[in-house]
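Number of protein chains: 2
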Amino acid sequence: MKRDSRLSGVLHVLLHMAEVGTPMTSDALAKMMKTNPVVIRRVLAGLREHQLVCSEKGHGGGWKLCRELDTITLHDIYQALDEPTLLAMGNRTESPGCLVEEAVNNALNNAFAEAEALLLARFRTVTLAQLSADFHQRMQARGFSGTHEHSLFPADDAADAE
Amino acid sequence: MKRDSRLSGVLHVLLHMAEVGTPMTSDALAKMMKTNPVVIRRVLAGLREHQLVCSEKGHGGGWKLCRELDTITLHDIYQALDEPTLLAMGNRTESPGCLVEEAVNNALNNAFAEAEALLLARFRTVTLAQLSADFHQRMQARGFSGTHEHSLFPADDAADAE
DNA sequence: ACTTACGTAACAATAAAAGTTGCATAAGTC
DNA sequence: GACTTATGCAACTTTTATTGTTACGTAAGT
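Those protein sequence lines, which keep their order, are chains A and B.
For the first sequence, full-length UniProt numbering begins at 1 and goes up steadily by one.
For the second sequence, full-length UniProt numbering begins at 1 and goes up steadily by one.
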């Protein structure tokens, strides 16, 4: 089954936004994520409802974080994404008329609930600030070389690309 | 994201097979699961490779368990299903050229790996015998009434249906 | 005015899963 | 030995979810 990579993608986007500081356009972000600007807007619109990012129109507009990195947990972002399914497996029927299925559901639900709880608990303990710190450490470890697949300053990318 | 319910479905099928004792045709199983016989064969063919079920052709043929219930764990079945994805989320890229993404992947992988390990550990501790016992307990609790959505003896179903 | 950028709806393309058909093969029945 | 029942399997179709795309509207800055 295909995995949902929106959480991973959003984290990537938010951290880059944090690095850049100034507003980033959905066009620039789309290039970075190798996707379409409208897709970016769709996802970020959700985050805006939860006051994680702000958007501004017109010249010099774009998207930026509107909270401090250390106040945003992975769980906040998970919620802003509308709490997508965590587990790739589920029960065939939630309200079975069959006692066999009841027994099966019961066993699986126990296991599933534990795994979900564990994941959510983890999400609550990780902040964007921690991820950012980890990133900066990796930069150091590579001697600030900053050899990226894409630049932190997407204006440059746009100039180079095509 | 749509959840994969094959594990749930297979458990349902196997427990019914255990109850019935005699071989069950893919036709009968398909009716039970409200699906197509070929779909049933596809899934059970996988289980057969792992010696969990046997199939026989011709009159009186069909599918039956070929191991004792207490020797089959959920993990065995999970493996026989080709170890399908457990988590509905994943990383955007597994081998990022971007340090931001590396940091993101690292954080998520830690959480994901823990949750997967927990699920698999749970799968290893649950046997079909336990599920069967749970089922029989539920039967008792309902006074052996056996009010099911579908009969345990699908020959009756077939006669009634259509 | 003109350009830049988001906002949104509607539509198209892709991809994954499930269902379906058709025919071959094997096993038991008469 | 012809017939019926069943699985085995490949090819194809349908369905559904996601993602990408186009088009046009609105707001902000130049």
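Note that the Cβ used here is the ideal one computed from N, Cα and C, for glycine as well.
Just how far apart, CA to CA, sit residue i and residue j?
i                      : j        : result
A/LYS57                : A/THR25  : 9 Å
A/MET139               : B/THR93  : 19 Å
A/VAL13                : A/ARG122 : 21 Å
A/GLY9                 : A/THR125 : 19 Å
A/VAL43                : B/SER95  : 23 Å
A/VAL100               : A/ASN109 : 14 Å
B/MET17                : B/PRO37  : 15 Å
B/TYR78                : B/GLU116 : 13 Å
A/SER5                 : A/CYS98  : 36 Å
B/LEU81                : B/ALA111 : 24 Å
B/ASP27                : B/GLY62  : 9 Å
B/HIS75                : A/ASN105 : 16 Å
B/CYS54                : B/ILE40  : 13 Å
A/ALA161               : A/LEU29  : Bear in mind that the predicted position of A/ALA161 carries a pLDDT of just 33, short of 50, making it too unreliable to give a figure here.
A/LEU119               : A/LEU52  : 21 Å
residue 163 of chain B : A/LEU65  : Absent from the structure is residue 163 of chain B, since the part of chain B shown begins at 1 and ends at 162.
B/VAL20                : B/SER132 : 12 Å
Between the Cα of residue i and the Cα atoms of the options, which residue gives the shortest distance?
i                      : options                                  : result
A/HIS136               : B/SER95, B/LEU87, B/LEU128 and B/ALA103  : B/ALA103
A/GLY60                : A/PRO23, A/ILE77 and A/ALA111            : A/PRO23
B/GLN130               : B/LEU15, B/MET1 and B/ASP4               : B/LEU15
residue 185 of chain A : B/ALA80, B/MET89 and B/ASP82             : As displayed, chain A neither begins before 1 nor continues past 162, which places residue 185 of chain A out of reach and without an answer.
B/ASP134               : A/GLU19, A/LEU119, A/GLU114 and A/ALA107 : A/ALA107
B/MET1                 : B/VAL39, B/CYS54, B/HIS75 and B/LEU87    : B/LEU87
B/LEU7                 : A/ASN91, A/ARG67, A/GLU19 and A/GLY21    : A/ASN91
Identify the contact partners of residue i in chain B, using a Cβ-Cβ distance below 9 Å as the criterion.
i        : result
A/SER8   : MET89, GLY90, ASN91, ARG92, THR93, GLU101, VAL104, ASN105 and LEU108
A/VAL131 : According to the sequence provided, residue 131 of chain A is Leu. The question's Val does not apply to it. Residues of chain B passing the Cβ test: VAL100, ALA103, VAL104, ASN106 and ALA107.
Kindly list, in the order they appear in chain B, the residues whose Cβ is closer than 8 Å to that of residue i.
i        : result
A/LEU128 : None at all; the shortest Cβ gap to chain B is about 10 Å.
Interface residues of chain A around residue i at Cβ under 8 Å?
i        : result
B/LEU15  : VAL100, ALA103 and VAL104
B/VAL134 : Residue identity check: residue 134 of chain B is Asp in the sequence provided, not Val. Result: ALA103, ASN106 and ALA107.
Run through chain B and tell me which residues come within less than 7 Å of residue i, C-beta to C-beta.
i        : result
A/ALA115 : ALA115, LEU118 and LEU119
A/VAL124 : Just to set this straight, residue 124 of chain A is Arg in the shown sequence, not Val. In chain order: nothing, as chain B lies at least about 11 Å away.
A/LEU65  : By Cβ distance, chain B contributes nothing, its closest Cβ being about 14 Å from A/LEU65, past 7 Å.
Under 9 Å between beta-carbons, which chain A residues line up against residue i? List them in chain order, please.
i      : result
B/MET1 : MET1, LYS2, ARG3, ASP4, PRO84, THR85 and ALA88
Run through chain A and tell me which residues come within less than 7 Å of residue i, C-beta to C-beta.
i        : result
B/MET139 : LEU99
query: Does the region 39-49 of chain B come close enough to the region 130-145 of chain A that 3 or more CB-CB pairs lie under 8 Å?
result: no
- request: Anything in the region 72-94 of chain A with a Cβ closer than 7 Å to a Cβ of chain B? List those residues in chain order, please.
  value: PRO84, THR85, LEU86, LEU87, ALA88, MET89, GLY90, ASN91 and ARG92
query: Is the region 29-41 of chain A in contact with the region 70-89 of chain A, if contact means three or more CB pairs nearer than 8 Å?
result: no
- prompt: At a Cβ cut of 7 Å, what residues of the region 30-58 of chain A count as close to chain B, listed as they run along the chain?
  reply: Of all residues in the region 30-58 of chain A, none comes within less than 7 Å of chain B when Cβ atoms are compared.
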